[in-house]
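Counting from 1 along the sequence shown, just add 6 to a position and that's the residue number in the numbering used here.
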Amino acid sequence: MDFTTEVIFDFAVIMTVAGVVTYIFHKIKQPLILGYLIAGIIIGPYLLPLNIIRQPGVESAFAELGVLVLLFAIGLEFPLSKLLKIGLKTYAVISVIEIALMFALSFLVGYLMHWSPTDSLFLSAALASSSTVVIAKVLTDMKKLKDVSATVMMGVLVVEDLAVVLILSLITSIVGADSLSALDLTWTVGKIVLFIVGVLAIGLFTIPRIIDRINHPEEGEFQAEHDEVLVLVALGFALGLSILAHFIGLSMAIGAFLMGVLIANSKSAGRIVYLSHRIKELFGALFFVSIGMHIDITLFGEFIIPTIVVIVIMLFGKVIGCSAGTRLMGYDLSTSLKVGFGMGQIGEFALIVAKVGQDLGVVSSFLFPTVGVAVAVTAFLTPYLIKASYRIDTSRWPAWLRGRPSKV
């Protein structure tokens, strides 16, 4: 087969296998991300030595594009007005406590298991966020999305996502340098801050106006044709800012995310969210399937112990960190435990972080499959952890632990 035919063949295999596997997972009410990862393992080069995929480089490129589209879509959910209304102080304190604990535990485990500092650093960043998709799905199915604990979790998830984008941009800049002095580190942090401030300062006065102007069809124009132009311009802006971020030495992810934030401040943001939803699902599926393809199950014996350790420290750190942070901010024990158990999984961002580390060639071979399997296992456990948190009877616990009724 020629190159074009092989690429089409590859996508036919990916879409068919992913479709069948995710349909099964949908029927058994499990997170679709598990289905995507397993589909990737099935068609990857490690499960069966068949080399089904003929042009893996093309799929990897689309997976990278999928990362940017996903981060752009996440940014669309965070207009500045929303960020200012989420109770930033409360959720930031909870997030800082949790992320700091995850960093400490990750480096402790890395030290005890003789991992490199870079492995520990990328693991810390990978464990810093939980899964918005999985948590929202479970809470919706349980009809608990309006509970106080659910509101707290959603706020913390927003802050976590923002923090991980910044952390990822920072560590990719750090590991890209041969050596890093205090002055270099200061410049790297300053460059990120200047980029964010500059993009927001200039973009807030231009991007929303451009998008809103495009979204107003002139007399005689069809809305469908107009929608095509709107989504193409939005995605073009996102990828363009990603390339700009790359050229100045930052992660492309932060460019895509910031463009989403800018467009989220336009009156047309809802329309773009609607129009880009299917595109996000398509490229997101390609990304997660690609992740599964890169999980070398022949190394199972090598990464099974690290995976178990990562899952255990993640559950301990998330439950303790989020519960303690929520309790510290004045919520009662029952609500605090629900938040802690609810946040007890590794988010999709972990896959992005691990993939970046692998692509840069700065992490050990076991880290990527370790994180991938840990994401899958913890996503599977999430419904059971959340249900368990609602069964915990705190009425017999000491009064100083129970605290006063929850905030509303």
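Virtual Cβ for every residue (Gly too), placed ideally from N, Cα, C.
### Message
Taking the beta carbon of Tyr-337 as the centre, do at least 16 other beta carbons fall within 10 Å, making it buried, or is it exposed?
### Response
One-based indexing of the sequence shown puts residue 337 at position 331. When all chains shown are included, Tyr-337 counts as buried.
### Query
At what residues does the alpha helix (DSSP H) containing Lys-286 begin and finish?
In the sequence shown, counting from the first residue as 1, residue 286 sits at position 280. Element bounds for Lys-286: 275-299.
### Message
Measuring only the C-alpha atoms, how far is Ala-150 from Thr-138?
### Response
For the purposes of this step, residue 150 is identified with residue 144 of the sequence shown, where counting begins at 1. For the purposes of this step, residue 138 is identified with residue 132 of the sequence shown, where counting begins at 1. Residue identity check: residue 150 is Lys in the sequence provided, not Ala. The straight-line gap from Cα to Cα measures roughly 15 Å.
### Task
Keeping to the same chain, check which residues put their C-beta closer than 8 Å to that of Phe-15; ignore five residues upstream and five downstream.
The residue given as residue 15 occupies position 9 in the sequence shown. Hits under 8 Å: Met-7, Arg-60.
### Query
If you run the structure through DSSP and keep just helix, strand and coil, what is Ala-134?
For the purposes of this step, residue 134 is taken as residue 128 along the sequence shown, with counting starting at 1. Three-state result, Ala-134: coil.
### Task
Put Gly-226 into one of helix, strand or coil per three-state DSSP.
Mapped onto the sequence shown, residue 226 falls at position 220. Note that Gly-226 has pLDDT 49, beneath the 50 cutoff, so the model's placement of it is unreliable and the number below is only indicative. Gly-226 falls in the coil class under three-state DSSP.
### Task
Determine the direct distance from the alpha carbon of Ser-122 to that of Gly-50, and round the result to whole angstroms.
For the purposes of this step, residue 50 is identified with residue 44 of the sequence shown, where counting begins at 1. For the purposes of this step, residue 122 is identified with residue 116 of the sequence shown, where counting begins at 1. The alpha-carbon atoms of Gly-50 and Ser-122 are separated by roughly 28 Å.
### Query
Alpha carbon to alpha carbon, what distance is there between Gly-246 and Lys-324?
Indexing the sequence shown from 1 puts residue 324 at position 318. Indexing the sequence shown from 1 puts residue 246 at position 240. When rounded, the distance between both Cα atoms is 36 Å.
### Message
Here's the rule I'm using: 16 or more other beta-carbon atoms within 10 Å means buried, otherwise exposed. How should His-300 be labelled?
### Response
As a working mapping, residue 300 is identified with position 294 in the sequence shown. Buried, by the Cβ-count rule.
### Task
Count the other C-beta atoms from every protein chain shown that fall within 10 angstroms of the C-beta of Met-443, then say buried if there are 16 or more, exposed otherwise.
Look at the range of the chain in this structure, 7 to 414, and you will see that residue 443 is not part of it.
#### Entry: Contacting residues, own chain, Cβ-Cβ under 8 Å from Val-235 (five flanking each side not counted)
Translated into the one-based positions of the sequence shown, residue 235 becomes position 229. Contacts found: Ile-220.
### Task
Please look up how many angstroms separate the CB atoms of Thr-384 and Gly-350, rounded, as I've assumed it's under 8 Å.
Indexing the sequence shown from 1 puts residue 384 at position 378. Indexing the sequence shown from 1 puts residue 350 at position 344. Indeed they touch by this definition, with Cβ atoms about 7 Å apart.
### Task
State the DSSP-derived secondary structure class of Ser-122, mapped to helix, strand or coil.
Numbered from 1 along the sequence shown, position 116 holds the residue referred to as residue 122. Three-state DSSP puts Ser-122 in coil, outside helix and strand.
### Query
Going straight from the alpha carbon of Ser-329 to that of Phe-263, what length do you get?
Mapped onto the sequence shown, residue 329 falls at position 323. Mapped onto the sequence shown, residue 263 falls at position 257. Straight-line Cα distance between these residues: approximately 29 Å.
### Query
What whole-angstrom Cβ distance do Gly-348 and Ser-155 have, given they're in contact under 8 Å?
Taking the first residue of the sequence shown as position 1, residue 348 is located at position 342. Taking the first residue of the sequence shown as position 1, residue 155 is located at position 149. 7 Å between Cβ atoms; contact.
### Task
Assuming Gly-331 contacts Val-99 (C-beta within less than 8 Å), just tell me the rounded distance between them.
Counting from 1 along the sequence shown, the entry for residue 331 is found at position 325. Counting from 1 along the sequence shown, the entry for residue 99 is found at position 93. Yes, Gly-331 and Val-99 are in contact; Cβ-Cβ is about 6 Å, under 8 Å.
### Task
Would you kindly check if the distance between the Cβ of Ile-269 and the Cβ of Ile-208 is under 8 Å?
As a first step, residue 208 must be located in the sequence shown, where it is residue number 202. As a first step, residue 269 must be located in the sequence shown, where it is residue number 263. No, these two residues do not count as a Cβ contact at 8 Å.
### Task
Please classify Val-368: does DSSP put it in a helix, a strand, or coil?
Here residue 368 refers to the residue found at position 362 of the sequence shown. Correct three-state label for Val-368: coil.
### Task
Check Gly-50 in the structure and name its three-state DSSP category.
By one-based count along the sequence shown, residue 50 stands at place 44. Look at Gly-50 here: in three-state DSSP terms it is coil, with no helix or strand label.
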